[in-house]
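Report on one structure; see the data block that follows.
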Amino acid sequence: MMCPKPLRLSVLSFLSLLPLAGLAQLGPLTSDPGRTSPGTFRPQATAQRGQALALPFFDDFTTPLDGRPNAQLWQDRGGVLVSNRFAVAPPTRGTATFDGLKEDGRPYGSGYSDIDTLTSQPIDLSASTVASKLYLGFYWQAGNVLRAPEQSSSSRTRSLQLEFRDATGNWVPVWTRLSNGTREAFRRKFVAIDQTRFLHANFQFRFRTKGSLASNDDSWSVDYVKLAPVQTTADSVYQDVATSKPLSSLLARGSAMPVWQYNAAANPASMLNPATYTTINNLSTTNIPVPGQWIGTLEVLPSGPAAAFTTTPPFTLSSPQYQARIEGDVRTSPIPVTADPKTIRHRIQLNTGEGGVNPLTLPNDNIIRLTELSDYYAFDDGTAEATVSVPQPGSATNYYALRFELNKPDQVRSIRISPSFPSAANRTITVNVWDADPANSNAPTRLPKSTQSIQLPDSLPAGQTFLEVALPSPVAVSGVFYAGYGHGVISTALNINVDMNTVPPADAMWQFTRGFWEPKSTVSPATPPLYDGYALMLRPVMTNNVLAVAPAAVAAGYTLYPNPSSDGQVQVQGRYSRALVLDALGRVAWQQPAAQQGQPALDLRELPAGLYMVQLTLPDGLTVTKRLILTK
């Protein structure tokens, strides 16, 4: 019997080996932690008014950036998500996405039935008549960035339906689209409101979907909803040039990196993206070309000055024209080389005129992205659209790993990973750090340099996307290193979240199966491709070679109170970056949600009474550990 030989890679032969990695083990989301973030779903005041909305009704879902639909236009609690994450090539950035996940990111249940619904606020049509020629126009799409919905059948209906509410309060279906099992590009639809039973003072319309109750497998998206009279051909023309595709990364490699690694580059500006880009659409159908230009700006938040970066020349768009690419070189606006962590916002702003300024469509003329230079590396953008599982041939443990490049020697303190629940609940995974093997063209070494196994919890707190797994001790790394995860043979998949809107470099992801390493392509194997790639949501946290434990004099400046605590509401005295609570056995009992990091209040009401250790990570990377007693 022949054993597989160790893989020998050269730069020239690398890409030819990509097919060896096998097909991606991708699956739908069975939960979406991004929908439960306090910043994403902050409470909105329900529209309070003495009368119904007046015409025209318009929403292109450009705001909010990620969250519930605008409460001034739509009724709450329908489960629909407004974001620029799931639709493919939308007319404008931001769409309303319908699927089997509720507004808290959890599935509706199991089986197939009614899923998300989007219902308008009441609209006053009492002054209109059939002669008013009212139309409801919108764009719709079947499928999402991962796949198409399954084909509808008599036993498992998968559909998008539009309904009007008549004067007696009954909902009347006026248009239905059944899934044909293919992902479709956005299509435009006009539905006439030409029956007197709909022309009343409290008219409403709603979109309803049916599909899988257990995941985002059966997805639909709606965009650019407009209800207005269409008296002439010109009334049906959308004079709008808008941004569409999510803005690509500020960084040339990855989506985040430690600030000290950025500063240590021979030329820090070389770490920035020479071609950050988005796409734009001209929705007009007048056959008149639209000239325009755009500017790109970069700003260190919260109050840094906005600096312009070099962009491509002015453009002229055909009418209509879709997915035209515009890009800029952010290297021409370098980031200050200072030691403090940074959040950077880069923006693209269009200037076309479009035959006049329409305040309703102005927001879709710009698009932004935030980037952190903190203490970790990442390829993902922080939000999940699908899941991936390690393939299970044979009987050995298999791994996925990501490749990271250092500008100076460093240490890996921990690894953050985004498990997909409920499949990951109470399962055991192992995180690892590997050196690069110079004898094997810098592929990962066969044996890890550090390893840590952990039993995953039942779930993560609301709004928390990542679980941080501390390594036994900081791991020294230099040049190129790898961080990843794996598990032994299991009977059901253990899924980890992936970002479908980021395409990592071709050498970023690796797979260990059948006893050796090979690069893993993240490009869709379908013809034509369904997606360009995906990024595993796994992030190594670095130390900058700083002593991990704060000196006693520093630790003495930090206090928890009240301690003991009878209600689980604990205050932290002292400035820190994030908090972790361990139980008496050293297991993670609570991890501070990202939106609450560094805040003086710790909400530990969900923890039972007992003895705990609160681990505070300071802004300089040092850690302070304090004992806490919860009595309750």
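Numbered according to mature numbering (1 follows the signal peptide of the UniProt record, and there is no 0), the sequence shown spans residues -24 to -1, 1 to 608. C-beta: ideal position from N, C-alpha, C; glycine also.
query                                                                                                            : result
Whole-angstrom C-beta distance between Leu77 and Arg11, which should lie under 8 Å                               : 7 Å
Exposed unless 16 or more other CB atoms sit within 10 angstroms - verdict on Leu(-2)                            : Any reading at Leu(-2) must be qualified, since the residue scores a pLDDT of 47, below 50, and its modelled position is unreliable; the value itself is stated next. It is exposed - the Cβ of Leu(-2) has fewer than 16 other Cβ atoms within 10 Å.
Neighbour-count burial assignment, Tyr84, 16 or more Cβ in a 10 Å radius                                         : buried
Residue range of the unbroken beta strand (DSSP E) whose run includes Trp50                                      : It is not in any beta strand (DSSP E) - Trp50 carries neither H nor E in the DSSP assignment.
Three-pair Cβ contact test at 8 Å for the segment 232 to 239 versus the segment 337 to 357                       : yes
6 Å Cβ shell around Glu79 - same chain, five flanking residues per side excluded                                 : Gly55
Alpha carbon of Pro317 to alpha carbon of Ala354, nearest angstrom                                               : 15 Å
Phe174 beta carbon less than 7 Å from that of Asp142                                                             : yes
Any 3 or more C-beta pairs closer than 8 Å across the segment 243 to 261 and the segment 292 to 305              : yes
Bounding residues of the beta strand (DSSP E) (the contiguous stretch that carries Gln567)                       : 564 to 567
Where Thr319 falls: helix, strand or coil (DSSP)                                                                 : strand
Cβ-heavy atom distance, Phe162 to the ligand FAD, below 6 Å                                                      : Absence of the ligand FAD is noted for the structure shown, with no ligands found whatsoever.
Arg123 and Ser7 closer than 7 Å at C-beta                                                                        : no
Spatially closest choice to Val590 from Ala570, Ala571, Asn539, Asp596, by CA coordinates                        : Asn539
Helix, strand or coil at Ala228 [DSSP, three-state]                                                              : coil
Alpha-carbon spacing of Leu443 relative to Arg134, whole angstroms                                               : 34 Å
CA-to-CA distance, Gln325 to Ile91, given in whole angstroms                                                     : 36 Å
Rounded C-alpha distance that separates Gly515 from Tyr352                                                       : According to the sequence as given, residue 515 is Arg; it is not Gly. Roughly 6 Å separates the two Cα atoms.
Pairwise C-alpha distance: Pro504 and Gly358                                                                     : 27 Å
Thr593, buried or exposed, once every other Cβ within 10 Å from all chains shown has been counted against 16     : buried
Three-way DSSP call (helix, strand, coil) for Leu382 in this model                                               : coil
Every unbroken beta strand (DSSP E) within the segment 530 to 588, with a cutoff of 3 residues, ordered by chain : 535 to 537, 545 to 549, 554 to 558, 564 to 567, 577 to 579
Proximity winner among Pro385, Trp50, Leu447, Val499, relative to Ser429 (alpha-carbon distances)                : Leu447
Element boundaries [alpha helix (DSSP H), containing Val235]                                                     : 235 to 240
Where Lys608 falls, given that 16 or more other Cβ within 10 Å makes a residue buried                            : exposed
As assigned by DSSP and simplified to three states, the class of Arg603                                          : strand
Leu293 and Phe285 closer than 7 Å at C-beta                                                                      : no
Option nearest Ser188 by Cα separation, candidates Ala245, Gly119, Leu432                                        : Gly119
First through last residue of the beta strand (DSSP E) which encompasses Ala283                                  : 283 to 287
Where Asp413 sits in the DSSP three-state scheme                                                                 : strand
Rounded distance between the beta-carbons of Ala459 and Val388, thought under 8 Å                                : 7 Å
Endpoints, beta strand (DSSP E) assigned at Arg159                                                               : Counting along the chain, Arg159 falls outside any beta strand (DSSP E), and DSSP gives it neither H nor E.
7 Å Cβ cutoff met for Leu112 and Phe183                                                                          : no
Pick from Ser96, Ser225, Thr219, Asn178 that is closest to Leu338, judged by C-alpha positions                   : Thr219
Three-state secondary structure (DSSP) of Val453                                                                 : strand
Proximal residues to Val451 (C-beta, below 7 Å), its chain only, five neighbours per side dropped                : Gln387, Val388, Val409, Lys425, Ser426
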